[in-house]
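See structure below.
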Amino acid sequence: MKFSELLQQLELEVEIQEQHSLLEHPSCDPELLGLSAIEEAASGTLSYIEGGRFASQIQTTAASAVILPVDAKLQNQASQRQIAWISSPTPKLLFAKAVRQFYQPFQPAPGVHPTAIIHPTATLGSDVSIGAYCVIQANVTLGERVCLHPQVVIYPDVSIGERTLLHSGAVIHERTQIGADCVIHSGAVIGAEGFGFVPAAESWVKLEQSGRAVLEDRVEVGCNATVDRPAVGETRIGAGSKLDNLVHVGHNCQISPNCILAAQVGMAGGAKAGGWVILGGQTGVANQTEIGERVQAGAKAGLHGKIAPGSIMMGNPASPYRTFLKASALYNRLPELHQSLRQMQQQMAELQQQIQALEAAAQPETNHEI
Amino acid sequence: MKFSELLQQLELEVEIQEQHSLLEHPSCDPELLGLSAIEEAASGTLSYIEGGRFASQIQTTAASAVILPVDAKLQNQASQRQIAWISSPTPKLLFAKAVRQFYQPFQPAPGVHPTAIIHPTATLGSDVSIGAYCVIQANVTLGERVCLHPQVVIYPDVSIGERTLLHSGAVIHERTQIGADCVIHSGAVIGAEGFGFVPAAESWVKLEQSGRAVLEDRVEVGCNATVDRPAVGETRIGAGSKLDNLVHVGHNCQISPNCILAAQVGMAGGAKAGGWVILGGQTGVANQTEIGERVQAGAKAGLHGKIAPGSIMMGNPASPYRTFLKASALYNRLPELHQSLRQMQQQMAELQQQIQALEAAAQPETNHEI
Amino acid sequence: MKFSELLQQLELEVEIQEQHSLLEHPSCDPELLGLSAIEEAASGTLSYIEGGRFASQIQTTAASAVILPVDAKLQNQASQRQIAWISSPTPKLLFAKAVRQFYQPFQPAPGVHPTAIIHPTATLGSDVSIGAYCVIQANVTLGERVCLHPQVVIYPDVSIGERTLLHSGAVIHERTQIGADCVIHSGAVIGAEGFGFVPAAESWVKLEQSGRAVLEDRVEVGCNATVDRPAVGETRIGAGSKLDNLVHVGHNCQISPNCILAAQVGMAGGAKAGGWVILGGQTGVANQTEIGERVQAGAKAGLHGKIAPGSIMMGNPASPYRTFLKASALYNRLPELHQSLRQMQQQMAELQQQIQALEAAAQPETNHEI
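Protein chains in written order, with my numbering: chain B, -11 to 358; chain D, -11 to 358; chain H, -11 to 358.
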């Protein structure tokens, strides 16, 4: 497709502030065959530059068209190199929209594979796609156009909203409710028993987990991630929240809409996250933690207690990032600080001796005067 | 069921010290329809209060009956609000027993699904339940009432004890021995090859893993957790130990009975844990670590070497928790300490000058005296 | 097999410097029945001693034959105890070769199970083994002697090289390329969508992941590990690299040959690792990190930025290990340092007073002299 055709197909009203005049450079309307990362782009591809880090790539990239930030210097450099371009305050967002013009993810056609085992009490919406060897148990409800790749297992009493997609190896446990337009990736387990054991004299007594997991609309759960159900009540993940691979969400957690949990994050039982919270990879959240809205945690942070809205937290136990960055910079200098301290102790001892000498020198004189 | 009926069905001899007199408040024998968390309880439900944190909820909860700790104030508050109650030194434990009167987890009926593929050399105990698309390979032995949900795969030469439950997506590798009354959750992989590679000049040489994994009775393994087998010998998890989701137990680990490994804990090859060890979420245990009995590690701890029995450890590398708490409190004050140190260095320099001045002042006098 | 027969079957030219003379001790050619770890060896087994840690076991082990390092003391001790032995500069490597003489891992015979569902456009090499309930989708190519254990799912357009082994529960997503002689363990997910979401005003917009994951020859991916594909371009894992259980490799990561990623390591999007990098368990690598060749990171390290080749890194944020070890040793002494600092502040104040007193004492005299 021509670059100009692509631009017509994107909804550009909102986010584009400036636009390269194609008429002035008719040679700059390349035929685009695909997409590429800016640093490994081939001729005939569309790429994008988001921030400063990759800006210098405009000098060398072989991409034929680039989505740029609103930056006159970059625009000039692109024009000089005969690269077609368009500017946006959010280049990556525009690129995300452009990707869909070139690439549609693989999705099986509607239909139920003959090897799928579907309980007679299950209710299937129109145009569902159910792959080979799926197992759908009693009282399950699937909305319109729900798609199960092969080998998905759904336990009884589960409901799944319209257009939600489940990848091979996903397992959805009893009573789970999943909204519309969700994606459950391969190996993810939703609604399994929370980790509830009560100590007794001889061993641990199991607390049965009678609650359920609820995923609102547009939630994504990464590969091999786990979202547990609680003993009583709900574990809930708000609309539009996205969980990366190998994330663990414990029983009774309450995650508000539009949160991002990067890979290998763990949230212990009863932790709460406000809207738009972003947790970096391998972050741990202690049980009953209350994370305010729009909190961000750096990778490997350890959160506990109450975290004020908008905080940016780092470290374990986590601190506001400025505190953490100052402290961690000094951490490596601890040996030096220690050394300074010891030197000062020695100097101090010397000073004390000198002063005693001075005092002694002053004292006899005083004595002599008596 | 009436509250009074519930109390009759629980075995209350041991753990209950005090009991609300139902005869005095006949209106306080509510019909109970279900269970709830204290802070979100609806009328007609039973809840519990364990510790101080949730104690204030007794003033507002809509629960009709509550299991309380032995606490006269809470008992009075409950009575005044016409909430039926019973006291126990271990309210959560009693609640765990009460839950079973209201809720039975979903379990398929005995029987072998026609799509299950079972090797002719496998031995099945009476009343086993084998779900759709399970694959059971050569020389596997399943005890009485073992239950496999759909899509469980068992490699050859595995034995599984009575009443053990395997959820969909679990994979049990060759030679694994699993005891009675265990639960293997969805996606857990038991007895796969340990991570054994030996460096050679050109690449890594695989050390074949000829050993086996052994799970004793009443072990639980969480969703997508992994327990590896070793090159030689055994990886062993003691009776009554519970592993949460996404836990990794490396080859040759020896975990004693009644240990708790919270989510995303990792134990490297050959690590040992004594009885009743509790490891917080995301804790890492270095290879060959020896963890004494009843050690507790806080979330994200990094354990190595020998840990004395009964220690409570935090941080990475882990320290006794008192040390860690004091040190981590000062960590954030490092910039302040650094500032103090620099101020003192300046003050010290000033003092040195003052003393030199005093000495110089004293010296001339001495000289003058000569 | 006799010890002497075993030695004949191993290729000993290269790595063995010294060899026990079997002729001198004909009684020292035991019949070997199996393998064992040195500390739990039974009579009739072969074991090995690698380093100093287990050296004392030579005094007590019941092993009948031992592979020793080149160490005259150990050799003498073994001879005195009538233990057959051979010395190698790399005992564990020789043991790895010996293991294969006693133990062959379970592998299904070639053949396609009648329940396997194979798309007509798939191409199967000779002697492939495809287990029960496997699903192989359109345009998949399997090389000669590829082995799929039961319940493996392969999405369309995947190619898998000769002799590669996939364990039950593995899921390979669209367009993935896997080389020869790889092992994909149970529950591993290769080539699923990278975690790509772009913030917009109302929620997160999905960046479709049109790229692919590429595993070169001899790569191993552990149980429940995940390797994502990128939006554009490739995620690549170099030949001979080994990933342990529950490892996460994000979109666009580039891992060079012969790297080792221990359990629960996470590499965020676009991170690069040079050849022979070794990352300890639970290490996290920030996005776009560039790790030089032969870098080693201790367990739980947090890597970011550029890491110079050959560095040994520890801590989070990671530092060269000498720096980290010194700093972490002082970390626990922070309360003591703080205490010293406060003492010195007090001493300093006292000195200041003393000096003022001395100055005052000197001053009046001077004044008196005026």
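No residue lacks a Cβ here, since even glycine has one placed at the ideal position from N, Cα and C.
As the structure is a prediction and not an experimental result, all values here were calculated from the model.
- In chain order, GLY303 and SER307 place their CB closer than 8 Å to the CB of D/ALA315, counting only its own chain and leaving out the 5 sequence neighbours on each side.
- Counting of Cβ neighbours within 10 angstroms places H/PRO79 among the buried residues, the total reaching 16 or more.
- Excluding residues up to 5 positions away in sequence, CYS122, LEU154 and ALA158 lie with their Cβ nearer than 6 Å to the Cβ of B/VAL140 in the same chain.
- Burial is judged here by how many other beta carbons sit within 10 angstroms of a residue's own beta carbon; D/ASN212 has at least 16 and is buried.
- When rounded, the separation of the alpha-carbon atoms in D/LYS194 and B/VAL215 is 35 Å.
- Using a Cβ-Cβ cut-off of 7 Å, H/TRP264 does not count as an interface residue toward chain B, since no Cβ of chain B sits closer than that to its own.
- One finds nothing in chain B with a Cβ atom closer than 7 Å to the Cβ of D/VAL202; even the nearest lies about 18 Å away.
- Annotated as distal: D/HIS101 and D/ALA72, with beta-carbon spacing of 7 Å or more.
- If the five residues before and after D/LYS230 are omitted, its C-beta is found closer than 6 Å to the C-beta atoms of GLU208 and ILE248, all from its own chain and listed in chain order.
- When 7 Å is used as the limit between beta carbons, B/PHE94 is near these residues of chain H: TYR143, PRO144 and GLU162, in chain order.
- Each residue's CA atom was taken as its position, placing H/PHE185 and H/ILE225 some 24 Å apart.
- Here H/CYS135 really is in contact with H/PRO96; their C-beta atoms are around 6 Å apart, less than 8 Å.
- With fewer than 16 other Cβ atoms inside 10 Å of its own Cβ, B/ASN64 counts as exposed.
- For the region 272 to 284 of chain B, the set of positions with a beta-carbon nearer than 7 Å to some beta-carbon of chain D reads GLY272 and ALA274 in chain order.
- Counting only Cβ-Cβ distances below 7 Å, B/ASP216 has no contacts in chain H at all, with the closest Cβ about 16 Å away.
- A Cβ-Cβ distance of about 7 Å is found for the pair D/ILE343 and H/ILE343, placing them in contact under the 8 Å criterion.
- Flagged as an interface residue toward chain B: H/LYS314, by a C-beta distance shorter than 7 Å.
- Every beta strand (DSSP E) of 3 residues or more that sits fully in the region 120 to 199 of chain B is shown, in chain order, as 177 to 181, 185 to 187 and 192 to 194.
- Under the DSSP assignment, B/THR311 falls in the alpha helix (DSSP H) whose first and last residues are 309 to 319.
- DSSP links H/GLN284 through a beta bridge to H/ILE266 and H/ILE300.
- At a cut-off of 7 Å between C-beta atoms, H/GLN342 counts as an interface residue with respect to chain B.
- Taking the Cα positions, B/GLY263 is about 6 Å away from B/ARG282.
- Under the Cβ distance rule, H/MET302 does not count among the residues neighbouring chain D, no pair being separated by less than 7 Å.
- The contact set of D/TYR121 on chain H, defined by CB atoms closer than 7 Å, consists of TYR121 in chain order.
- For the 7 Å CB-CB criterion, H/ALA53 and H/PRO18 form a contact.
- Of all residues in the region 244 to 260 of chain D, the ones placed with a Cβ closer than 8 Å to any Cβ belonging to chain B are PRO245, ASN246, ILE248, ALA250, ALA251 and GLN252, in chain order.
- When DSSP assignments are scanned along the region 49 to 112 of chain D, the uninterrupted stretches of beta strand (DSSP E) that are 3 or more residues long and fall wholly within it turn out to be 53 to 56 and 72 to 75.
- Chain H has no Cβ within less than 7 Å of the Cβ of B/LEU(-6).
- Scanning the region 195 to 245 of chain D for uninterrupted beta strand (DSSP E) segments of 3 residues or longer gives 200 to 203, 214 to 217 and 222 to 225, listed from N- to C-terminal end.
- Leaving aside the five residues that flank D/ASN275 on each side, the residues in its chain whose CB is nearer than 8 Å to its CB run, in chain order, GLY238, ALA256, GLY257, GLY258 and ALA259.
- A direct Cα-to-Cα measurement between B/LEU130 and B/ALA110 gives close to 8 Å.
- Going by DSSP, H/SER44 is part of no alpha helix (DSSP H) at all; its letter is neither H nor E.
- For the region 110 to 137 of chain H, the beta-carbon criterion of a distance under 7 Å to any beta-carbon of chain B is satisfied by TYR121 and VAL123.
- Bridge pairing for H/GLY22: H/THR33 [DSSP].
- Contact of D/MET332 with chain H by beta-carbon distance below 8 Å involves LEU329, MET332, GLN333 and MET336.
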